[in-house]
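*Asks:* Residue numbers for the sequence shown follow UniProt numbering, beginning at 1 and rising by one. For every residue, glycine included, the Cβ atom is placed at its ideal position computed from N, Cα and C.
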Amino acid sequence: TYLKTVQLLFNILLYIHLQACIWWIIVKVEKSWVPNMDFIFYSTQIYKEGIWHQYWSSMYHSVMLFGINEMAARTTWVLIASSFIMLLSAMVNANLIGQVAVLVSDMSKKSVKFQQQQDTCNTAMANMKLPQITRKKVREYLLNTQSTQDQQEELNDFLKNISPSLRMKVSVHIFSDILRNNKVFSFIIEKYQDSEYIVRKLETILTVPEDEIVTQNKRLTGNEKDVQIYFIAKGEFQVYCQTQVHTMPSKVRTLQSGDHFGEISMLYGCKRTATVTSIKYGTLGYMTKASYKDAVYKYQEISEELNKCIYEYDDLLKIFKEWYIKQVPYFQNLCTETIHKILFSFNDETFEKGHVLISEEDMTDKLILVQYGVIDIEVVVDEQVFVIERMTKGC
1 TYLKTVQLLF
11 NILLYIHLQA
21 CIWWIIVKVE
31 KSWVPNMDFI
41 FYSTQIYKEG
51 IWHQYWSSMY
61 HSVMLFGINE
71 MAARTTWVLI
81 ASSFIMLLSA
91 MVNANLIGQV
101 AVLVSDMSKK
111 SVKFQQQQDT
121 CNTAMANMKL
131 PQITRKKVRE
141 YLLNTQSTQD
151 QQEELNDFLK
161 NISPSLRMKV
171 SVHIFSDILR
181 NNKVFSFIIE
191 KYQDSEYIVR
201 KLETILTVPE
211 DEIVTQNKRL
221 TGNEKDVQIY
231 FIAKGEFQVY
241 CQTQVHTMPS
251 KVRTLQSGDH
261 FGEISMLYGC
271 KRTATVTSIK
281 YGTLGYMTKA
291 SYKDAVYKYQ
301 EISEELNKCI
311 YEYDDLLKIF
321 KEWYIKQVPY
331 FQNLCTETIH
341 KILFSFNDET
351 FEKGHVLISE
361 EDMTDKLILV
371 QYGVIDIEVV
381 VDEQVFVIER
391 MTKGC
């Protein structure tokens, strides 16, 4: 809308300039026309002045012609010319008024839409008799997300209206700088000076506030397209991790533009280790496991850099599992990579009181880590049950 306004102003100035030039050519032929300011003297020095004075005098009177004002034409030739110019200016003015009306309507469209949203929300909250604290939070949310919502909708419409090849060029433009700021891929891009290959592996998705991108402990299907790593181009995303059953997930960290998530499930084939939700409207690029394999085939350092990043994660659940693994004697001398493979192969399960985990003479096929609670190891002697060991957190 603002670009259209600038274009309209430029067209008006161009029209007035051309009209001034034509008017000067017409009056200079007979040199009988006298500007309005000199009309009382019945003579003028305009034809003897310098070119810049003549030009701006013509521009001034061209604006008057544009507004259909009196030009004091004295000869038939000037009368005919000024009549046609005024007629043309009248048509231009009519068209201009229509364009201005459309521009004003477009400029106020967003504010009108937002006002309608506010009115609808206020009416609904009044009907439900919501407390004032809740109403205030709703209004603050609408104010904080209005601009990003409009940008999100405009980007979504824009991507839908262009061809796949142009959409790819837009993605390259969006994510090239993002990957250069990513602590994993910046090394690859700096070394090989090639960001376009990786960007072409990304697909763009748009998120809304509180949109859950990945869910902790969600079991992934065998389809490789379901296993994705995400790159944040715009927006903020909150990472939550639930460390204990029947407790609320705790905030681990906030991710911003240039960060990534989802790589653990893709690399280790495990469940999602955390929940990631969108705080505001956001733009993400995601890479499927198949595309990731293609990228690693060309740049083998990607896998190494991602693993280094994973090793540095310091959420409580990961720290606890890593500590426990290192307590097992035959795990103590394992390398960091192997420890993390074991760490992310654990499946979280919850059991009710009295549930039998392993019975006598059962063939065990798993290692059990007590994260929370108590496990009794019992033996039966002469039909009597004896607890020979009690295992608590960390056993």
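1. With respect to the beta strand (DSSP E) encompassing Lys251, which residues constitute its N-terminal and C-terminal limits?
2. With distances taken Cα to Cα, identify the nearest neighbour of Gln19 among His53, Gly67, Val6, Gln45.
3. Using the Cα positions of Trp24 and Ala94, report the straight-line distance between them to the nearest angstrom.
4. What residue does the beta strand (DSSP E) around Gln193 start on, and which one ends it?
5. How big is the Cα-Cα spacing for Glu383 and Glu352?
6. Cα separation between Ile325 and Lys318?
7. Going by alpha carbons, who is nearest to Tyr268 out of Asp259, Cys241, Asp365, Glu337?
8. To the nearest angstrom, report how far apart Val78 and Leu3 are at their CA atoms.
9. Is DSSP giving Ile358 helix, strand or coil here?
10. Quick one, are the C-beta atoms of Thr207 and Leu159 less than 8 Å apart?
11. In its own chain, which residues sit with a C-beta less than 8 Å from the C-beta of Asn182, not counting the 5 before and 5 after it?
12. Among residues of its own chain, excluding the 5 on either side of Ser89, which ones have a beta-carbon nearer than 7 Å to its beta-carbon?
13. Based on Cα-Cα distance, which residue from Ile80, Arg200, Ser250, Thr76 lies nearest to Gln216?
14. Where does the unbroken beta strand (DSSP E) through residue 396 begin, and where does it stop?
15. Tell me which residues share the same chain as Glu224 and place their Cβ nearer than 7 Å to its Cβ, disregarding the 5 neighbours each side in the sequence.
16. For Tyr286, which residues does DSSP report across the bridge?
17. Given a cut-off of 8 Å, decide if Ile213 and Leu276 are closer than it, judged by their beta-carbon atoms.
18. When you compare the CB positions of Pro209 and Lys136, do they come within less than 8 Å of one another, or not?
19. Run through DSSP, which three-state label would Glu378 get?
20. Kindly identify the DSSP beta-bridge partner or partners of Cys121.
21. With 16 as the cutoff for other CB atoms within 10 Å, does Thr273 come out buried or exposed?
22. In the structure shown, what three-state DSSP assignment does Cys21 receive?
23. Which residues in the same chain as Leu343 place their Cβ atom closer than 8 Å to its Cβ, once the five residues preceding and following it in sequence are excluded?
24. Among Asn127, Ala233, Asn333, Gln228, whose alpha-carbon lies nearest the alpha-carbon of Val172?
25. Compare the beta carbon distance of Met59 and Ile16 with 8 Å and say whether it is the shorter of the two.
26. Using the DSSP secondary-structure output, state which residues sit across from Met391 in a beta bridge.
27. What does DSSP give as the partner residue(s) for Cys241 in the beta ladder?
28. Pick from Leu179, Tyr330, Gln117: whose alpha carbon is nearest that of Phe142?
29. DSSP three-state label for Ser163, please.
30. Taking one C-beta from the region 179-194 and one from the region 292-307 each time, how about it: are there three or more such pairs within less than 8 Å?
31. Relative to the alpha-carbon of Cys309, which residue among Ile264, Cys241, Ser195 has its alpha-carbon at the smallest distance?
32. For Ile213, which of helix, strand or coil comes out of DSSP?
33. State the DSSP-derived secondary structure class of Gln384, mapped to helix, strand or coil.
34. Please state if the CB of Val380 and the CB of Arg390 are separated by a distance shorter than 8 Å.
35. What first and last residue would you give for the beta strand (DSSP E) that runs through residue 404?
36. Could you spell out the range, first to last residue, of the alpha helix (DSSP H) harbouring Glu322?
*Replies:* Looking at the coordinates:
1. 250-255
2. Gly67
3. 25 Å
4. Premise fails: Gln193 is in no beta strand (DSSP E) and is neither H nor E.
5. 24 Å
6. 11 Å
7. Glu337
8. 38 Å
9. coil
10. no
11. Phe231, Gly258, Asp259, His260
12. Leu65, Phe66, Ile68
13. Ser250
14. Limits of the chain in this structure are 1 at one end and 395 at the other, which puts residue 396 out of reach.
15. With a pLDDT of 48 at Glu224, under the threshold of 50, the modelled position of that residue is not reliable, and no figure is offered here.
16. Glu203, Tyr230
17. In the sequence as presented, Leu is not what sits at residue 276; that position holds Val. Yes. Within cutoff.
18. no
19. strand
20. Partner(s): none; Cys121 has no beta bridge.
21. buried
22. helix
23. Lys318, Lys321, Glu322, Ile325
24. Ala233
25. yes
26. Ile375
27. Ser250
28. Residue identity check: residue 142 is Leu in the sequence provided, not Phe. Comparing Cα positions, the closest option is Gln117.
29. coil
30. yes
31. Ile264
32. strand
33. strand
34. no
35. No information on residue 404 is available, as it lies outside the stretch 1 to 395 that the chain covers here.
36. 316-327
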